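Novice: Below you will find the structure I want to go over with you.
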Amino acid sequence: MLRGLWRLTWLEIKIFVREPLGLVTTVGVPVLTFLVVGRAVAGQMQRAGSRLPAAVSVDLPVLGAVLIALSGVLSLVAIIAIYREGGILKRLRATPLRPQTILIAHVLVKLAITATTLGLMILAGRRVYPVGPAVPLASFAAAVLFSTVVILSLGFLIASVVPTARFAQPAGAVVLYPMLGLSGLFLPLDALPPLLHGLARLLPLTYVVSLLRGIWRGDGWPAHGGDVAVLVVMCVLCTAASARVFRWE
Amino acid sequence: MMPSQTAVHVHGLRKAYGRTVAVDDVSFDVQSAEIFGLIGPNGAGKTTTMECVEGLRAADGGTISVLGLDPAREGSLLQQRIGVQLQEAQLQKRITVGEAVGFWASLHRHPVDGHRLLEQLGLGDKRNAWFMTLSGGQKQRLFIALALINDPELVFLDELTTGLDPQARLAIWGLIRGIRERGKTVFLTTHLMEEAERLCDRVAIIDHGRLVDVGSPSALVSRHCPERTVVVTAADPGAADRFRTLPRVTAVVGDGPQLSIRGLGDDFVTDVVRCLAAHQIHVTDFRTVSPTLEDVFLKLTGHGIRN
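What follows is the structure, given as structure tokens:
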């Protein structure tokens, strides 16, 4: 059914890697920042050990993971806009490829890059960051990838409506980054005024943060069935909406 | 069931974007193994018509049949049998020529040899070059390669030579004639009248979304601009009056010794030559001017192709 999907995904990964800035900004910068900051504070962290406050031991990795997911999504929004403006999407559509294959390939590329960055972070972090043996890294990585898929569906909706490629990245950032403020990472949801609290309940990042925090703490998936269900519904809604409004040119 | 020699059948095609009607009640057929051109100025509805036929756009009304298939419903099946080159399309900046051809080949059941195709199109040494490094002519040749990779029965070329220098254009004309010689049908659009006249077996003139006329370039010329002109330079002051007495002459105009004699019919030029001989009119210059598609276009639409 999805003829050409793997070939196209592999082709797009190769093309992405050839982009001089692409790999550096999406994979290199987060990993390097992490290493540099980590080295600076490693001593303190090691001494603090299990007495680290939750804001550092749980929320910091969650924030890092969300930022990686968001940068993948922003790069998707930009690429789709550039491909549309350049007529590349249209050129690919005038082939036996199914339209959804072209878009799924980009989702897979972003997931591969997010997974790579995440893997490198975990490898780099082992040396400086005292990850407790209780933290289920594989499960956490799966939760980050799942969250990325959900945010990517929102990214497609943004990519569907941005008018030009130049506008794509800032538009994506303006929509996505403020969500972080209401996600519960910086302020507890209960501390928000009722209106903002209601708004936070409508945003995917709120559920993403709740899910990632829980998995990192070792809650296990069943405890977060509600978060997963809400995110799946949001993903389906965003995908359905972008299927209606997506423009190929 | 439509006859097998019709590659494309379009009847009553209509397409609007909001309130702007881009294509209005357009009907034509493209025969197998011909080069068929849709000609008209930019914005006339050529690309919209072509993209409806290719299945890339949904028509608002009318029927389209391409190789016996409905492009709106059987698009995927149709894409296996046609080749498409789009106006102003790009590929990924950093895809190599070889990768593009290899990927396109992988999408089709019976692709031709991509390496040989690139050699034939003069891109053999560009296999490892990124798309962004190619010249305009090389990009267009790559797009021709992608359009031919599945050995299609019908090839669509939208404004293929726009923006190319005359040498590259001439080379591409040769390639297109080669496609027809292999028994394939070519459906192209152009706003260059010279290209249409030299390349197409038949053309359809489209203007403001409406089809004005269809026929071979020479048939359209003799139908709409049958008058031919002989331009002579003769010092004889009585020459103009002598030409006016000829039965097939419709007008004689001119200032000074240079006269433009307009007339109808195949024997008109012979008549003028005989008249010159019979009256021993001494001429220092003699040439005939035949109308072109450009003149036909001007006459049918009331404006030139380049506005």
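Protein sequences, first through last, are from chains P and Z.
This note's numbering applies: residue 17 is where the first sequence begins, and numbers increase by one.
This note's numbering applies: residue 2 is where the second sequence begins, and numbers increase by one.
Backbone N, C-alpha and C fix where the C-beta goes; we use that ideal spot for every residue, glycine too.
These numbers were taken from a predicted model, which means no experiment stands behind them.
1. Name the one or two DSSP bridge partners that F287 (chain Z) has.
2. Quick one: measure Cβ to Cβ for V222 (chain Z) and V273 (chain Z), integer angstroms, because I've assumed they're closer than 8 Å.
3. Can you find the residues in the same chain that come closer than 8 Å, C-beta to C-beta, to V54 (chain Z), ignoring five residues on each side of it along the sequence?
4. Straight-line CA distance for S226 (chain P) to A94 (chain P)?
5. Using 8 Å as the limit for Cβ to Cβ distance, is G214 (chain P) near chain Z?
6. So within the region 20–52 of chain P, which uninterrupted alpha helix (DSSP H) runs reach at least 4 residues, ignoring any that extend past its ends?
7. Does the beta-carbon distance from Q80 (chain Z) to E160 (chain Z) come in below 8 Å?
8. Of all the CB atoms in chain Z, is at least one closer than 8 Å to the CB of R109 (chain P)?
9. Could you check whether the Cβ of L127 (chain P) sits closer than 8 Å to any Cβ belonging to chain Z?
10. Any beta-carbon of chain P closer than 8 Å to the one on A90 (chain Z)?
11. Check for me: the alpha helix (DSSP H) holding F157 (chain Z) runs from which residue to which?
12. Are the C-beta of L124 (chain P) and some C-beta of chain Z separated by less than 8 Å?
13. Less than 8 Å between the CB atoms is what I'm expecting for T190 (chain Z) and M51 (chain Z), so what's the real figure, rounded?
14. Give the DSSP-derived three-state secondary structure of F29 (chain Z) in the structure shown.
15. Is it buried or exposed for Y269 (chain P), if we count other Cβ within 10 angstroms and need 16 for buried?
16. Can you tell me whether S199 (chain P) is helix, strand or coil according to DSSP?
17. From this set, P:E35, P:L24 and P:L76, which residue's C-alpha is nearest F202 (chain P)'s C-alpha?
18. Can a CB atom of chain P be found closer than 8 Å to the CB of E55 (chain Z)?
19. Counting only Cβ-Cβ distances shorter than 8 Å, please list the residues of the region 74–89 of chain Z near chain P, keeping chain order.
20. According to DSSP, W105 (chain Z) sits in a beta bridge with which residue or residues?
21. Taking DSSP's pairing of strands, which residues face T186 (chain Z) in a bridge?
22. On the DSSP letters alone, give me the boundaries of the beta strand (DSSP E) that G313 (chain Z) sits inside.
23. Using a Cβ-Cβ cutoff of 8 Å, what residues of the region 83–117 of chain P are near chain Z? List them in chain order.
24. Are the region 39–46 of chain P and the region 155–164 of chain P touching, with three or more C-beta to C-beta distances below 8 Å?
25. Give the DSSP-derived three-state secondary structure of D169 (chain P) in the structure shown.
26. Are the Cβ atoms of Q259 (chain Z) and T289 (chain Z) separated by less than 8 Å?
27. So with CB distances below 9 Å, who are the chain P contacts of I207 (chain Z)?
28. Please compile the residues from chain P whose C-beta is within a distance smaller than 9 Å of the C-beta of W105 (chain Z).
29. So, is A205 (chain Z) buried or exposed, given that buried needs 16 or more other C-beta atoms within 10 angstroms?
30. Under the assumption that V125 (chain P) contacts T222 (chain P) (Cβ atoms under 8 Å), give the Cβ distance between them as a whole number of angstroms.
31. Any beta-carbon of chain Z closer than 8 Å to the one on G197 (chain P)?
32. Please classify V252 (chain P) as buried or exposed, where buried requires at least 16 other C-beta atoms within 10 Å of its C-beta.
33. Within a Cβ cutoff of 7 Å, which residues of the same chain sit near I31 (chain P), ignoring the five residues on either side of it in sequence?
34. Rounded to whole angstroms, what's the CA-CA distance from L127 (chain P) to A148 (chain Z)? Just pull it up for me.
35. Is it right to say W308 (chain P) is buried, meaning 16 or more other beta carbons lie within 10 angstroms of its own, or is it exposed?
36. Take R142 (chain Z) and list the residues in its own chain whose beta-carbon comes closer than 7 Å to its own, dropping the five residues that flank it on each side.
Specialist: Straight from the coordinates:
1. Here the question's residue 287 (chain Z) lines up with position 286 in the second sequence. The partner list for F287 (chain Z) (beta bridge, DSSP) reads Z:V233.
2. What you label residue 222 (chain Z) is simply residue 221 of the second sequence in a count that begins at 1. What you label residue 273 (chain Z) is simply residue 272 of the second sequence in a count that begins at 1. Going by Cβ atoms, the distance from V222 (chain Z) to V273 (chain Z) rounds to 20 Å, so no, they are not a contact pair.
3. Indexing the second sequence from 1 puts residue 54 (chain Z) at position 53. Hits under 8 Å: V9, V11, I65, V67, P72, F157 and F188.
4. Walking along the first sequence from the start, residue 226 (chain P) turns up at place 210. Walking along the first sequence from the start, residue 94 (chain P) turns up at place 78. Cα to Cα, S226 (chain P) sits roughly 28 Å from A94 (chain P).
5. Against the first sequence, residue 214 (chain P) aligns to sequence position 198. It does not: the Cβ of G214 (chain P) has no partner Cβ on chain Z nearer than 8 Å.
6. 21–34 and 36–39
7. Residue 80 (chain Z) sits at position 79 when you count from the first residue of the second sequence. Residue 160 (chain Z) sits at position 159 when you count from the first residue of the second sequence. No. Outside cutoff.
8. Locating residue 109 (chain P) in the first sequence gives position 93, counting from the first residue. Chain Z contact via Cβ: present.
9. Here residue 127 (chain P) is taken as the residue at index 111 of the first sequence, counted from 1. Chain Z contact via Cβ: absent.
10. By one-based count along the second sequence, residue 90 (chain Z) stands at place 89. Yes, because at least one Cβ of chain P sits closer than 8 Å to the Cβ of A90 (chain Z).
11. As a working mapping, residue 157 (chain Z) is identified with position 156 in the second sequence. Note, F157 (chain Z): premise wrong, no alpha helix (DSSP H); beta strand (DSSP E) at L155 to D159.
12. Against the first sequence, residue 124 (chain P) aligns to sequence position 108. Chain Z, which has no Cβ nearer than 8 Å to the Cβ of L124 (chain P), makes this no.
13. Residue mapping note: residue 190 (chain Z) aligns to position 189 of the second sequence, counting from 1. Residue mapping note: residue 51 (chain Z) aligns to position 50 of the second sequence, counting from 1. Their Cβ separation, rounded to whole angstroms, is 6 Å, which keeps T190 (chain Z) and M51 (chain Z) in contact under 8 Å.
14. One-based indexing of the second sequence puts residue 29 (chain Z) at position 28. Here F29 (chain Z) sits in strand by DSSP.
15. This structure cannot speak to residue 269 (chain P), because chain P is shown only from 17 to 265.
16. As a first step, residue 199 (chain P) is located in the first sequence; it is residue number 183 there, counting from the start. Looking at S199 (chain P) - three-state DSSP - the assignment turns out to be coil, as it is neither helix nor strand.
17. Counting from one through the first sequence, the residue named residue 202 (chain P) turns up at place 186. It is P:L76.
18. For this step, residue 55 (chain Z) is matched to residue 54 along the second sequence. At least one chain P Cβ lies under 8 Å of E55 (chain Z).
19. S77, Q80, Q81, V85, L87 and E89
20. Sequence index remark: in the second sequence, residue 105 (chain Z) carries index 104 (1-based). Beta-bridge pairing links W105 (chain Z) to no other residue.
21. What you label residue 186 (chain Z) is simply residue 185 of the second sequence in a count that begins at 1. Partner(s): Z:L155.
22. Nothing can be reported for residue 313 (chain Z): it is not among the residues displayed for chain Z, which extend from 2 to 308.
23. Y99, G102, G103, I104, K106, R107, R109, A110, T111, P112, L113 and R114
24. no
25. Looking up residue 169 (chain P) in the first sequence gives position 153. Reading off the sequence, residue 169 (chain P) comes out as Ser, not Asp. In this structure, S169 (chain P) counts as helix in the three-state DSSP scheme.
26. Here residue 259 (chain Z) is taken as the residue at index 258 of the second sequence, counted from 1. Here residue 289 (chain Z) is taken as the residue at index 288 of the second sequence, counted from 1. No, they are not a contact pair.
27. What you label residue 207 (chain Z) is simply residue 206 of the second sequence in a count that begins at 1. Within chain P, no residue comes near I207 (chain Z); the closest Cβ sits about 21 Å away, beyond 9 Å.
28. As a first step, residue 105 (chain Z) must be located in the second sequence, where it is residue number 104. Here the neighbours are T111.
29. Looking up residue 205 (chain Z) in the second sequence gives position 204. A205 (chain Z) should be labelled buried.
30. Counting from 1 along the first sequence, the entry for residue 125 (chain P) is found at position 109. Counting from 1 along the first sequence, the entry for residue 222 (chain P) is found at position 206. The pair is not a contact, with the Cβ atoms about 27 Å apart (cut-off 8 Å).
31. As a working mapping, residue 197 (chain P) is identified with position 181 in the first sequence. No, G197 (chain P) does not count as interfacial toward chain Z.
32. Walking along the first sequence from the start, residue 252 (chain P) turns up at place 236. Its Cβ having fewer than 16 others within 10 Å, V252 (chain P) is exposed.
33. As a working mapping, residue 31 (chain P) is identified with position 15 in the first sequence. Cβ neighbours of I31 (chain P) beyond the five flanking positions: none.
34. Within the first sequence, residue 127 (chain P) is the residue found at index 111, counting from 1. Within the second sequence, residue 148 (chain Z) is the residue found at index 147, counting from 1. Whole-angstrom Cα-Cα distance: 32 Å.
35. No information on residue 308 (chain P) is available, as it lies outside the stretch 17 to 265 that chain P covers here.
36. Here residue 142 (chain Z) corresponds to residue number 141 of the second sequence, with the count starting at 1. Hits under 7 Å: L122, G123 and L124.
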